[in-house]
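Visitor: Protein chains in written order, with the working numbering: chain A, 1 to 379; chain B, 1 to 379; chain C, 1 to 400; chain D, 1 to 400. Heads up, the beta-carbon is just placed ideally off N, CA and C, and yes, glycines get one too. Here it is, the structure, as structure tokens.
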Amino acid sequence: MPLVHSEEQTLLREIARDFISEKSPTGELRRLRDEPDPIGFSKSLWKEMAELGWAGIPFAEEFGGADLGHTELGVVLQECGRTLTASPLLSTIALGGTAIDLGASEALRKEVLTGVCSGQRILAVAHQEQTRHAPYATETRATKTPSGYTIAGSKTFVLDGHVADQLLVVARTSGSSRDRNGLSLFLVDAETPGITRTRTLQVDGRNAARIEFRDVEVDGQRLLGEIDRGAEILDPVLDRATAGLCAEMLGGIEAAFEHTLNYLKVREQFGTVIGSFQALKHRAAELHVEIELSRSIVIEVQQAIDSGDEAVPELVSTAKARLSETAFLMGNEGVQMLGGIGMTDEEDIGLYLKRFRVQQFTFGDASFHRDRYANLRGY
Amino acid sequence: MPLVHSEEQTLLREIARDFISEKSPTGELRRLRDEPDPIGFSKSLWKEMAELGWAGIPFAEEFGGADLGHTELGVVLQECGRTLTASPLLSTIALGGTAIDLGASEALRKEVLTGVCSGQRILAVAHQEQTRHAPYATETRATKTPSGYTIAGSKTFVLDGHVADQLLVVARTSGSSRDRNGLSLFLVDAETPGITRTRTLQVDGRNAARIEFRDVEVDGQRLLGEIDRGAEILDPVLDRATAGLCAEMLGGIEAAFEHTLNYLKVREQFGTVIGSFQALKHRAAELHVEIELSRSIVIEVQQAIDSGDEAVPELVSTAKARLSETAFLMGNEGVQMLGGIGMTDEEDIGLYLKRFRVQQFTFGDASFHRDRYANLRGY
Amino acid sequence: MNELEQFREETREWIETSCPESLRSSTGQRSGTTMGGRRFPVFAEPAEDSHLWLSRAVERGYCAPTWPREYGGAGLERAQAAVLREEMLRLGAPPPVVSMGLLMFGPTLLEFGTEEQKQQHLPPIARGEISWCQGYSEPGAGSDLASLQTRCEDRGDHYSITGQKIWTSGADVADWMFCLVRSDPGAPKHEGISLILIDMNQPGVRVSPIKLISGSSPFCQTFFEEVRAEKNALVGPLHGGWTVAKRLLQYERQGISSSGFMGPTRGTDAPPELAKRYCGTSDGKVADPIIRDRLARMEMDQHCFNSTVRRTADEARAGNDVGTASSIFKYKASEDAKKRGELMVAILGTQGLGWEGDGYEPFEIDQTRTWLRSKGNSIEGGTSEVQLNIIAKRVLGLPD
Amino acid sequence: MNELEQFREETREWIETSCPESLRSSTGQRSGTTMGGRRFPVFAEPAEDSHLWLSRAVERGYCAPTWPREYGGAGLERAQAAVLREEMLRLGAPPPVVSMGLLMFGPTLLEFGTEEQKQQHLPPIARGEISWCQGYSEPGAGSDLASLQTRCEDRGDHYSITGQKIWTSGADVADWMFCLVRSDPGAPKHEGISLILIDMNQPGVRVSPIKLISGSSPFCQTFFEEVRAEKNALVGPLHGGWTVAKRLLQYERQGISSSGFMGPTRGTDAPPELAKRYCGTSDGKVADPIIRDRLARMEMDQHCFNSTVRRTADEARAGNDVGTASSIFKYKASEDAKKRGELMVAILGTQGLGWEGDGYEPFEIDQTRTWLRSKGNSIEGGTSEVQLNIIAKRVLGLPD
């Protein structure tokens, strides 16, 4: 497949860019941050996004979805990334919805995805327990009961966990911490007794929750896929969400680069625009090269997911490592090139720097993914 | 102690610089390389260096030494490094002589060091066995016999091993590979039956030997220090030799930098000298900063050795890691800044690039020393 | 025992008895320090102990150890001052006062000021009574400092200043400002600049703090409208302020790099201990080999930097030329501080992503904000690019 | 099956039957390739098979697949040519001939040449009979190519060329040179340049190989003294050669980056396998975690680079502007090649320090020399600095 967007995808991008730049410029993130908004994203914006069909992009038409692919989801996420738009696209569509779609029974899919596609239902995936991404490092336990399971443990960094209607909880049903085998996925209503959620306020103005599970009871019907084999769902879900995140990162990187480049062209010092200084020119050109490579791997990984390519895990790690490195470089160069003004809260580049850091550490940083890639490639 | 050379040390440097630049400019290394010289260094030059007292710098006057310190040895090595002078200073003084001085009985010291100080005797330390520096990874065995020991095994990367009169062999007398305990050091005449030496030709025009020991018999009197506790000698010997190598590297880095800087000031392109291009200026300035830091750690580590500072191992690793990184940067930037001419064999910068690489990998590269440093610092 | 060693003993004893226990910290972290001045902001509690420590130091002139006694200093030799610094560090005593007056303005005034100016301004600085801020940058004049536009007009019996300054650190609490102004708009840009001293406590001065990405506001924007300065408030000649200004920048860079941007290097909050805590251990080593490698690299770089600061001081003492060392320090200290900030938040993982509120330790929030704040290190006080330009030109002799 | 798929099947079958087994290699390493030309140097044995493969390819015009048939090409569509390339790669068949005539000069002549020139020069290139070299750089004109000084004088019925060229790859075996000369010394530097074709087999031409730090001599210095060229040997207008030259440089950068500087990525000599062999393993992983991290980084970077080459071709096909992609490729391919070279010798450890002789495997010596040779990648064909300048100017629109 050619590594370019189709006409339909390009059209979707244009629509998304128009919508996002009108409804959700970076000022919207500032508003949510500074008020501060109790939820951290705009429910009315999310409703509008759902009406545009974005909440249902990768899901079947029978649930109200658009039956498109992750490439299309990536197109929208990339545009959202440009203005740092906060929305449940990652938590509810790329993570939660995808998990339901890949792992749930037909009945459960209908029940959950219909609400997801209409923008009514917010989902969150509760997997992380430690200070860093480690998908199988799970000590939260689910213990069999006559009618189902009892979940006990605590989770951290649950994206949109504080407002989710339902949680997908990764719990250990056998094996020991760090084993890939023995994990199971459960769909749990967020209001179930025994669940305590604490919203955290992150440096990027977004939020993730810490969630305590104190003997939370869940019906046996709410198990996704097979018992002990939750990783078979979790892995592809994380791959898809990571690819989506990479698209969002690319959008942010592109916008930050354009913004920085523009500053280089107008800011005068020593009687000339600073963009004429060769040292800055070379650094800008190097950034451009890194961004070009980032563009290629982002579209490649999305297409690979949609075509069922078996190299998806390797490609996802390649993409996340590269986008993390490029975002790191872009954030730092952006602030440095903007100089003093780049250090002020009123300048947008700082918002990008902060969002980039959170993105770098979400679903594993570059170092994590190089390690994973080496494992996948057998060294 | 102030981190500057004393008046005497400064005088020594001036003498050394005059001598080396007259007797051993870089052309001398080319001559040895291209003839090719069967030994790889000039015995007559070494004789002159010994007459100047350099072969005995760190050894006692009773053996004909100058009773000075490693700081002074470093001063001379730094000057030798400037012109890439090949000599047995590292193999025979910093490594072999130091091992004898630290580990041998009074009688053995007298026997060996007298010849060393006069420049008559060449020593080599045979420790490495694998493709990288790993001081305790020793599988060469020394087995007790009624009159002494029998050594069997093979060594690689033995600096000046092909011309050494005597070899200091690290052999395992107990324990298993990679154990620090169980190593012993033996002084073995190079012509002892059972020894096969193969000279190698390195990329830097220097040479190291592979040495096979096939049931080589050695007298029990030729054991240095205590049996099984050879690492107690080997460690400080390697630290001293590594510090000396760092001084040599610094000299090479300084000379390569001066040479490159000079080129930047005279080479014209686009109607101006290329040293006026800001991108190159910034890179040159960054190099200068790295070199300044290198200068500090080199003199600090030499002084620490001479004052018996207990932080020597940490400092040695700090120095070797830094000098390796700086040499790497200098070699690469030097060739790139000289452009096409820098790629030609007739330009000296290539000689520095090659020597830098060998130096980087001698006694452990930057990565090895960061690992060692972390171990020493307890993480 | 030689004189210096005797001085060391006395100094140690004095510190032991004079510096309150509550202010002392083995981690090397500053606490209890004040910026001085009429508004006297104290960085940390307990404030009384901080003032006590200050008053005892003032008694001996130890806030400005190398300044002459007549200006409130202690008249120490450089070697003695170094001993004082070393002993305070060893005993964990914070500097009694940290101020731009001490680090930058005072040394410059000692060099360029009139006797009257020294008498008037130095003792209050040395006593921590009056605090100074620096009026250099302007919105349109950042790295290109000399393009500044703040006007200074001669009104016969006084000067009148109108314009705006930016990045004035501590302008909201400072008593006075040393300020670069354009005194001759017609002259070439470096030749129409003067350095003038402005009392901040007068009508026409307006100060507005700037909020940074880290959430703090260490800098201000300062607006002057027809602000008054006396005729004797010029440092150096009229229109000849650029030379003085450059010298002052050197002191600034020195101050920045000697105070450094570094946090604790030992103790439980030292990076290796944090790495063990947040990344876990394996055979007693930090479990993540890449983080461990970065840690060792950072610690080694920091060591080499410190050695270079020491060596440069030793070289200067030995009479060798160390002309632009301050640019080297400023460049390297700020670049290293940024790397350190990155490594610290990397060690913390997702716990290094917090802004405020529940779910994060105050220490973790602090690391995140320090990381953000560190991004400014390579901008303030002369950008890294400017330092590299200076090194290329002055040290390496590369042409424009 | 669509037409393209049918073409793929036919092509595969043709390769299977036409390319001798002995030349095929699954490692992706070139072997058996010839540069073509009268002196016909063959890179590897067996030479007969190499010639056989060449003659079969020539029959179909497959040395120059996209060139029109009348000039010795196969007249393939771009998509078909891509299929041919893919299938040859898949089956491990080397390109029958690799030459500057095919990669650089031919495409330029197709664009700028007269019909007569095309008839004369293209078919011998497509048959591998005549080889070309590039006379661009001069000792004083490296990155600043347009400052070249080689003189070209009009002698009425012919041109006479005097001067010297450097870095002429293959000048010692080439039959012809396409050469930049100064035809009007009085004009501004870009406006007095012509591109002229010179028969290398004539008096006045002297070629002297340049020995590189890697020990090989792939480049020459070329001296011209009163060398003759016919009046019809100009490509493009007299004094108007600069435009043609720039286009040719684009083809050069494309050629460099599409051929790449990379070695094998699969098989027993692939870097991960080497790392296991030379660094040892622990739990099946490369034992040195830092080397392992660098390896993964390199493999990923290489992947992203290849994807970008693919994407750019796809974008071009989709009608999007990919103007200066060749500078991006040239820059990145050469920087990556240098990193790869460093990593390979780092993996080899002290076995990566050999120059020749006993104690090293030929493979190890080869890695060391490849490492040295790779340093030139970011210099030849336009330095990395020149590529960055081009990107900054043409893509990013940053001013001079």
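Are the C-beta atoms of Y278(C) and some chain A residue less than 8 Å apart?
Guide: Chain A contact via Cβ: present.
Visitor: Can you name, in chain order, every residue of its own chain whose Cβ lies under 6 Å from the Cβ of E212(B), other than the five neighbours on each side?
Guide: For E212(B), where only same-chain residues beyond five positions count, the Cβ hits under 6 Å are S154 and T196.
Visitor: Would you mind reading off the limits of the beta strand (DSSP E) that contains D179(A)?
Guide: Where D179(A) is concerned, there is no enclosing beta strand (DSSP E), given that its DSSP letter is neither H nor E.
Visitor: Among A187(D), K276(D) and V205(D), which has the Cα closest to the Cα of T168(D)?
Guide: Considering only alpha carbons, the answer is V205(D).
Visitor: Ignore the nearest five residues each way along the sequence and tell me which others in E61(A)'s own chain have a CB closer than 7 Å to its CB.
Guide: The answer, listed in chain order, is D67.
Visitor: Please confirm whether T173(A) and D228(A) have their CB atoms less than 8 Å apart.
Guide: The answer is yes: Cβ separation under 8 Å.
Visitor: Going by C-alpha distance, which of Y136(B), R121(B), V301(B) and E129(B) is nearest D235(B)?
Guide: It is Y136(B) whose Cα lies nearest to the Cα of D235(B).
Visitor: Taking 8 Å as the CB-CB cut-off, is I365(C) touching chain D?
Guide: It does not: the Cβ of I365(C) has no partner Cβ on chain D nearer than 8 Å.
Visitor: For I290(C) and chain D, any beta-carbon pair shorter than 8 Å?
Guide: Output row for I290(C): interface = yes.
Visitor: Which residues does DSSP pair with M177(D) in a beta bridge?
Guide: Partner(s): C133(D) and I198(D).
Visitor: So is Q359(B) in contact with chain D if we call contact Cβ pairs under 8 Å?
Guide: Taking Cβ atoms only, chain D never reaches closer than 8 Å to Q359(B), which makes this a no.
Visitor: Here's the rule I'm using: 16 or more other beta-carbon atoms within 10 Å means buried, otherwise exposed. How should V158(A) be labelled?
Guide: By the 10 Å Cβ count, V158(A) comes out buried.
Visitor: Can you list, in chain order, the residues of its chain with a C-beta nearer than 6 Å to that of T140(B)? Leave out the 5 residues immediately preceding and following it.
Guide: Around T140(B): G153 and A171.
Visitor: Closer than 7 Å by beta-carbon distance: list the chain D residues that pair up with V158(A), in chain order.
Guide: Those within 7 Å of V158(A) in chain D number zero; the least Cβ separation is about 29 Å.
Visitor: Chain A partners of R78(D), CB-CB under 7 Å?
Guide: The contacting residues do not exist; R78(D) stays about 12 Å from chain A at best.
Visitor: Which same chain residues end up closer than 6 Å to A321(B) when comparing Cβ atoms and leaving out the 5 residues on each side of it in sequence?
Guide: The answer, listed in chain order, is A366, H369 and R370.
Visitor: Beta carbon of W67(C), beta carbon of L110(C): below 8 Å?
Guide: Contact: yes.
Visitor: For E290(A), which option in I291(D), Q302(D), V286(D) and F112(D) has the closest C-alpha, if you only look at C-alpha atoms?
Guide: Answer by Cα proximity: Q302(D).
Visitor: Would you decide whether W53(C) is buried or exposed? Buried here means 16 or more other CB atoms lie within 10 Å of its CB.
Guide: Flag for W53(C) reads buried.
Visitor: Return the chain-ordered ranges of every beta strand (DSSP E) run that is complete within the stretch 72-150 of chain B and spans a minimum of 3 residues.
Guide: If we require 3 residues or more, the beta strand (DSSP E) runs fully inside the stretch 72-150 of chain B come out as 123-126 and 141-144.
Visitor: Quick check: is the beta carbon of D348(A) nearer than 8 Å to any beta carbon in chain C?
Guide: Chain C contact via Cβ: absent.
Visitor: For P399(C), count neighbouring Cβ atoms within 10 angstroms of its own Cβ and tell me buried if that reaches 16, exposed if not.
Guide: P399(C) should be labelled exposed.
Visitor: Taking DSSP as the reference, what is the three-state secondary structure of L295(C)?
Guide: Helix at L295(C).
Visitor: Which whole-angstrom value is the C-beta distance of L261(A) and L396(D), which I expect to be below 8 Å?
Guide: Confirmed, about 6 Å.
Visitor: Name the DSSP beta bridge partners of T196(A), please?
Guide: In the DSSP output, where bridge partners are listed per residue, T196(A) has E212(A).
Visitor: Measure the CB-CB distance between G341(D) and Y278(D) and report whether it falls below 8 Å.
Guide: Going by C-beta atoms, G341(D) is not nearer than 8 Å to Y278(D).
Visitor: By a C-beta neighbour count over all protein chains shown, 10 Å radius and 16 as the cutoff for buried, is A74(D) buried or exposed?
Guide: Classification of A74(D): buried, given that the 10 Å Cβ count is 16 or more.
Visitor: Can you have a look at L89(D) and say buried or exposed, based on whether 16 or more other CB atoms are within 10 angstroms of its CB?
Guide: Label assigned to L89(D): exposed.
Visitor: Would you call L11(B) buried or exposed, if buried means 16 or more other Cβ atoms sit within 10 Å of its Cβ?
Guide: Exposed.
Visitor: Short of 6 Å in beta carbon distance, which residues of its chain neighbour L376(B), apart from the five on each side in sequence? Order them along the chain.
Guide: Same-chain partners within the cutoff: P313 and E314.
Visitor: Since T162(C) is in the beta strand (DSSP E), which residue starts that stretch and which ends it?
Guide: Here the beta strand (DSSP E) through T162(C) covers H158 to S169.
Visitor: Looking at chain C, which residues of the stretch 262-275 of chain A have a Cβ within less than 9 Å of any of its Cβ atoms?
Guide: Listed by position, the residues of the stretch 262-275 of chain A near chain C (Cβ gap below 9 Å) are R267, E268, Q269, F270, G271 and I274.
Visitor: Taking any Cβ of chain A, which residues in the stretch 348-361 of chain C have a Cβ under 9 Å from it, in chain order?
Guide: Taking 9 Å as the Cβ-Cβ cut-off against chain A, the residues of the stretch 348-361 of chain C that qualify are L348, G349, T350, Q351, G352, L353, G354, W355, E356, G357, D358, G359 and Y360.
Visitor: So, are the CB atoms of I379(D) and S327(D) less than 8 Å apart?
Guide: No, the pair does not count as a contact, with Cβ atoms beyond the cut-off.
Visitor: Would D219(B) and T71(B) qualify as a contact pair, given that the criterion is a beta-carbon distance under 8 Å?
Guide: Result no, Cβ atoms of D219(B) and T71(B) do not sit closer than 8 Å.
Visitor: Look at E356(C) and L201(A) and say whether their C-beta atoms are less than 8 Å apart.
Guide: A contact, by the Cβ cut-off of 8 Å.
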